[in-house]
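In what follows, a structure is listed as structure tokens, so that the remarks can point back to it.
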Amino acid sequence: MSTTQTPTDSPTDSPEGTTPTTRGRLGGRWIDRWEPEDAAFWQRTGRRVATRNLLVSVFAEHLAFSVWLVWSVTVVALPAAGFAFSVDQLFWLVALPSLVGSILRLPYTFAVPRFGGRNWTVVSALLLLVPTVAMTLAVSDPATPYWVFLLVAAAAGFGGGNFASSMTNISFFFPERTKGLGLGLNAAGGNLGTSTVQFLVPVVLAAGAGTLAYAGLMWVPLIVVSAVLAWFCMDNLTVSKAPIRGQLAAAKRPHTWVMSLLYIGTFGSFIGYSAAYPLLAKTVFPDSGATKYAFLGALVGSLVRPVGGWLADRWGGARVTCAVFAAMVAGMAVLLAAVNSGSLGLFVTAFAVLFVASGVGNGSTYRMVPAIFARQGERDERAGVAGARRAALTEAGAAVGIISAVGAFGGFLIPRAYGASLGATGSVATAVLAYAAFYALCLGVTWWCYLRRQLLVARMPSLAEAAV
Numbered sequence: 001m002s003t004t005q006t007p008t009d010s011p012t013d014s015p016e017g018t019t020p021t022t023r024g025r026l027g028g029r030w031i032d033r034w035e036p037e038d039a040a041f042w043q044r045t046g047r048r049v050a051t052r053n054l055l056v057s058v059f060a061e062h063l064a065f066s067v068w069l070v071w072s073v074t075v076v077a078l079p080a081a082g083f084a085f086s087v088d089q090l091f092w093l094v095a096l097p098s099l100v101g102s103i104l105r106l107p108y109t110f111a112v113p114r115f116g117g118r119n120w121t122v123v124s125a126l127l128l129l130v131p132t133v134a135m136t137l138a139v140s141d142p143a144t145p146y147w148v149f150l151l152v153a154a155a156a157g158f159g160g161g162n163f164a165s166s167m168t169n170i171s172f173f174f175p176e177r178t179k180g181l182g183l184g185l186n187a188a189g190g191n192l193g194t195s196t197v198q199f200l201v202p203v204v205l206a207a208g209a210g211t212l213a214y215a216g217l218m219w220v221p222l223i224v225v226s227a228v229l230a231w232f233c234m235d236n237l238t239v240s241k242a243p244i245r246g247q248l249a250a251a252k253r254p255h256t257w258v259m260s261l262l263y264i265g266t267f268g269s270f271i272g273y274s275a276a277y278p279l280l281a282k283t284v285f286p287d288s289g290a291t292k293y294a295f296l297g298a299l300v301g302s303l304v305r306p307v308g309g310w311l312a313d314r315w316g317g318a319r320v321t322c323a324v325f326a327a328m329v330a331g332m333a334v335l336l337a338a339v340n341s342g343s344l345g346l347f348v349t350a351f352a353v354l355f356v357a358s359g360v361g362n363g364s365t366y367r368m369v370p371a372i373f374a375r376q377g378e379r380d381e382r383a384g385v386a387g388a389r390r391a392a393l394t395e396a397g398a399a400v401g402i403i404s405a406v407g408a409f410g411g412f413l414i415p416r417a418y419g420a421s422l423g424a425t426g427s428v429a430t431a432v433l434a435y436a437a438f439y440a441l442c443l444g445v446t447w448w449c450y451l452r453r454q455l456l457v458a459r460m461p462s463l464a465e466a467a468v
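Using UniProt numbering, you'd call the opening residue of the sequence shown number 1 and step up by one each time.
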């Protein structure tokens with residue numbers, strides 16, 4: 001049965017078209033009319049409702065990232081706790097959550113239109129209890145077999161799936177003119193969880209006399225709080241509901257897959273470096289104590305993500321993204337020099353460049369997605385396609401999920417590349433060279449698809465005129 005609600009931040013006596021219509025229905029609170037592009041609507045209540053949902057989303061996503069990356073710092077303490085795993089086995093524990101998280105991002109994306117952003121935030125938050133409780137039990141017994149650790153690490157992938165549903169949900173709340181900032185803040189708040197977990201887990205373990213169980217147990221009460229906040233403070237948007245067929249149309253757009261490749265280079269790199277850095281630093285420079293400051297890289301990368309969105313709003317996402325990939329090629333050159341010379345200073349400098357560049361790139365590439373689909377909708381509408389702009393909004397939300405799913409796969413590739421390279425050659429140089437070549441490829445693809453104005457444009461058009 002449906003009942004009509006009058007939310008406190010959207011009074012019913014307001015002029016038509018300036019407030020959201022909110023209804024209570026089975027499955028929670030839904031807003032039936034949401035028009036953020038309407039200036040009066042946005043100024044009167046839209047901004048307030050969007051901000052409230054954004055704040056809760058950031059908290060829930062922050063915890064999800066912390067759970068997703070909890071193995072990145074926990075593995076460093078496993079040998080001292082009596083777990084005799086090889087370096088390559090430890091890198092598998094670091095990489096597996098990203099693999100599972102990238103796979104889960106697709107169904108998580110489609111869950112928002114199916115169940116509602118608020119409802120799915122509650123469910124996805126509670127699912128984080130599975131990996132945290134399982135970790136608490138697994139690390140408490142030194143006799144726990146390695147295959148159990150693999151399963152528990154895989155369960156941490158639930159945290160990775162949350163990002164796609166959160167970003168898809170928030171993308172519907174903000175108008176096009178501020179979408180870059182809104183998505184950037186949401187993503188940065190989540191990304192900061194990678195730094196939080198790498199800072200707090202060592203502190204909590206030290207306070208708990210090294211009891212590894214606290215690495216999982218400490219998140220349980222916070223997870224419950226996030227689910228409760230989502231239940232009482234968030235909203236579902238009817239505009240986000242769309243048939244699966246309409247969402248899957250995004251998979252037929254070539255730009256969805258182009259942006260997926262670029263997102264491997266930005267977000268995939270950020271999450272991969274965040275996951276791999278503590279163990280890599282411990283392996284390459286075992287006596288340096290560099291792991292104590294591992295959280296700083298993820299912290300800086302997270303904080304500059306909104307800057308990437310802001311720069312993209314001002315200068316264009318494609319231009320910023322090209323600069324990002326150029327910086328990442330340079331960062332890889334410095335990292336190669338560090339590995340070959342054994343210089344800790346160069347090693348830290350290289351990762352500082354990579355974290356900053358990938359963080360900025362996270363914001364700039366994500367800002368490109370809604371802009372690309374908005375331009376595509378305008379083109380289709382001019383060509384006579386009815387409802388093209390509204391369809392483009394739905395496709396953009398679905399594309400965000402696809403792109404984030406593929407991009408997160410980079411978080412698996414980077415730790416595995418380092419682990420495999422160390423196992424085969426005793427050095428990470430091979431992995432470094434491979435990623436330098438990949439970033440150069442991404443730079444070229446960005447220019448070709450989104451900045452090229454003359455070369456072969458008559459035969460193979462670009463989106464340079466759209467200034468995405």
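Note that CB positions come from ideal geometry on N, CA and C, so glycine has one too.
Nonlocal neighbours in the same chain, by C-beta distance under 7 Å from residue i, ignoring five residues either side
i    : result
G112 : The question names Gly, yet the displayed sequence has Val at residue 112. Only W120, S165, T168, N169 and S240 meet the Cβ criterion.
A188 : S302, L303, R305 and P306
C233 : R52 and V56
V432 : M332, L335, L336 and V339
A327 : V353 and A357
F373 : A392, E395, A396 and A399
F412 : A95, S98, L99 and S102
Own chain residues within Cβ distance below 6 Å of residue i, not counting five before or after
i    : result
S364 : G308, A312, G317, V320 and T321
F325 : Y439, C442 and L443
L299 : S195
F59  : S226
L136 : As written in the sequence, residue 136 is Thr, which differs from the Leu given in the question. The residues are A213, G216 and L217.
H255 : I372
CB contact flag (residue i, residue j, <8 Å)
i           : j    : result
I31         : L237 : yes
V70         : G216 : yes
F149        : A156 : no
F337        : L344 : Here residue 337 is Ala; the residue named in the question, Phe, does not match the sequence. Contact flag unset, no.
L78         : L96  : no
G401        : R105 : yes
W310        : P175 : no
I264        : V406 : yes
V56         : L129 : no
V87         : T291 : no
C449        : V204 : no
P415        : A276 : yes
S195        : S269 : no
G101        : W68  : yes
S124        : G161 : yes
E378        : R389 : yes
F173        : P278 : no
S66         : A408 : no
residue 470 : A398 : Limits of the chain in this structure are 1 at one end and 468 at the other, which puts residue 470 out of reach.
V371        : V468 : According to the sequence provided, residue 371 is Ala. The question's Val does not apply to it. Cβ atoms of A371 and V468: closer than 8 Å.
T355        : Y273 : As written in the sequence, residue 355 is Phe, which differs from the Thr given in the question. In contact: F355 and Y273 (Cβ atoms closer than 8 Å).
residue 544 : G193 : Shown here, the chain extends from 1 to 468; a query on residue 544 therefore has no answer.
Q376        : R253 : yes
A434        : A458 : no
Three-state secondary structure (DSSP) of residue i
i    : result
W30  : strand
D38  : coil
R452 : coil
R459 : coil
D13  : Note that D13 scores 36 on pLDDT, short of 50, meaning its location in the model is unreliable; the coordinates nonetheless yield the value given after this. In the structure shown, D13 sits in coil (DSSP, three-state: anything other than H, G, I, E or B).
S334 : According to the sequence displayed, residue 334 carries Val and not Ser. Three-state DSSP puts V334 in a helix.
P142 : coil
F85  : coil
A436 : helix
S171 : helix
E465 : helix
T194 : helix
S343 : coil
R25  : Low per-residue confidence applies at R25: pLDDT is 48, beneath 50, and the placement is therefore not dependable, though the value from the model is reported in the following sentence. Strand, per DSSP.
L93  : helix
T349 : helix
Own chain, CB closer than 8 Å to residue i, minus 5 neighbours either side, in chain order
i    : result
A330 : V353
S404 : R105, T109, F163, A164, M167, Y263 and F267
Y281 : Residue 281 is actually Ala in this sequence, not Tyr. Contacts found: S288, A290, T291, A294 and F347.
A429 : L336, V339, N340 and S421
Within-8 Å CB hit, residue i to chain C
i    : result
V225 : Checking the listed chains, one finds no chain C in this structure; it contains a single protein chain.
- Message: Restricting to runs no shorter than 4 residues, where is the alpha helix (DSSP H) found entirely within the stretch 226-297?
- Response: 244-248, 254-263 and 269-284
- In chain order, each alpha helix (DSSP H) run of at least 4 residues that lies wholly inside the stretch 367-426: 388-408 and 410-425
- Item | Length at least 3, wholly inside the stretch 105-138: the beta strand (DSSP E) runs in chain order | none
- Message: Threshold first: 4 residues or longer. Then list the alpha helix (DSSP H) segments lying entirely within the stretch 293-329, N to C.
- Response: 294-303 and 305-315
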